[in-house]
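>
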Amino acid sequence: MSQAMETEKRSAFFAGSFNPFTVGHLDILERGVALFGHVTVALGVNERKPESESEERFRELEKLFAGRGDVDVVRYTGLTAQAALGHGACCLLRGVRGVADFEYERNMAEVNRQLFGIDTVLLFADPRLSSVSSSMVRELEHFGYDTSRFVIKP
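Here you go:
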């Protein structure tokens, strides 16, 4: 960890594909809190998704983390790294489920460091908890499958 990260506010910014209702992502969040003391969970506002879906997800996140002083929930638009800096985060926190994720995240970490001066901490999800991605959960639910063992209901 860089000396700059140690002297700045100890808060990580967890955003992007984060879905706390997928068990592996919640594991990453908890380990991030253990490392940094505080994590801001950021839900990106996406013009390709219906606003009602984003609003529902945001309310679910708020409910899930209500009363926790070590987790904040925010919305953001634009680039994740810029949003993280705007919220005073010392780094981006990203979960990695496998080699393909790692390569992508490693490349993005380098871009964010060079363009925005923010470091990224990559945490591998516990393989027992992350075998099913959040997009796969949504697809299975769409086709009527019970995904309760893979997700945490608020």
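Residue numbering for the sequence shown follows the numbering used here, starting at 12 and increasing by one per position.
Every residue, glycine too, gets a C-beta built ideally from N, C-alpha and C.
Tell me, to the nearest whole angstrom, how far the beta carbon of Leu-133 is from that of Val-110; I am working on the premise that it is less than 8 angstroms.
Here residue 133 is taken as the residue at index 122 of the sequence shown, counted from 1. Here residue 110 is taken as the residue at index 99 of the sequence shown, counted from 1. Actually they do not touch by this definition, with Cβ atoms about 12 angstroms apart.
> Give the range of the beta strand (DSSP E) segment to which Ala-23 is assigned.
Residue numbering aside, residue 23 sits at position 12 when the sequence shown is read from its first letter. First-last of the beta strand (DSSP E) with Ala-23: 23 to 25.
> So Leu-126 is in the beta strand (DSSP E); what residue range does that whole segment cover?
Position 115 of the sequence shown, counted from the start, is the residue given in the question as residue 126. That residue, Leu-126, is in no beta strand (DSSP E); its alpha helix (DSSP H) goes 110 to 127.
> Between Leu-72 and Leu-54, which are expected to be in contact by the criterion C-beta below 8 angstroms, what is the C-beta distance as a whole number of angstroms?
Mapped onto the sequence shown, residue 72 falls at position 61. Mapped onto the sequence shown, residue 54 falls at position 43. So it is a contact: roughly 6 angstroms between Cβ atoms.
> Residues in the same chain with beta-carbon distance under 6 angstroms from Leu-151, minus the five sequence neighbours each way, listed in chain order, please.
Residue 151 sits at position 140 when you count from the first residue of the sequence shown. Cβ-Cβ distances below 6 angstroms link Leu-151 to Thr-158 in the same chain, with the five nearest sequence neighbours on each side left out; the list follows chain order.
> Measuring CA to CA, which of Tyr-156, Asn-123, Met-119 and Arg-21 is closest to Val-50?
For this step, residue 50 is matched to residue 39 along the sequence shown. Among Tyr-156, Asn-123, Met-119 and Arg-21, the Cα nearest to that of Val-50 is on Arg-21.
> Given that a residue counts as buried once 16 or more other Cβ atoms are within 10 Å of its Cβ, and exposed if not, what is Val-122?
Stepping through the sequence shown from its first residue, residue 122 is reached at position 111. With fewer than 16 other Cβ atoms within 10 Å, it is exposed.
> Locate the alpha helix (DSSP H) running through Ala-168, then write down its first and last residues.
The chain is shown from 12 up to 165; residue 168 falls before or after that span and cannot be answered.
> Express the C-alpha separation of Leu-103 and Ala-26 in angstroms, rounding to a whole number.
As a working note, residue 26 is residue 15 in the sequence shown. As a working note, residue 103 is residue 92 in the sequence shown. Spanning the two alpha carbons is a distance of roughly 8 angstroms.
> State the DSSP-derived secondary structure class of Asp-130, mapped to helix, strand or coil.
The residue you call residue 130 lines up with position 119 of the sequence shown. Strand, per DSSP.
> With which residues is Val-87 paired in a DSSP beta bridge?
In the sequence shown, the residue the question calls residue 87 occupies position 76. A small fix is needed here, since residue 87 is Tyr in this sequence, not Val. In the DSSP output, where bridge partners are listed per residue, Tyr-87 has Gly-55.
> For Gly-106, which three-state DSSP category applies?
Locating residue 106 in the sequence shown gives position 95, where the first residue counts as 1. It is a strand residue.
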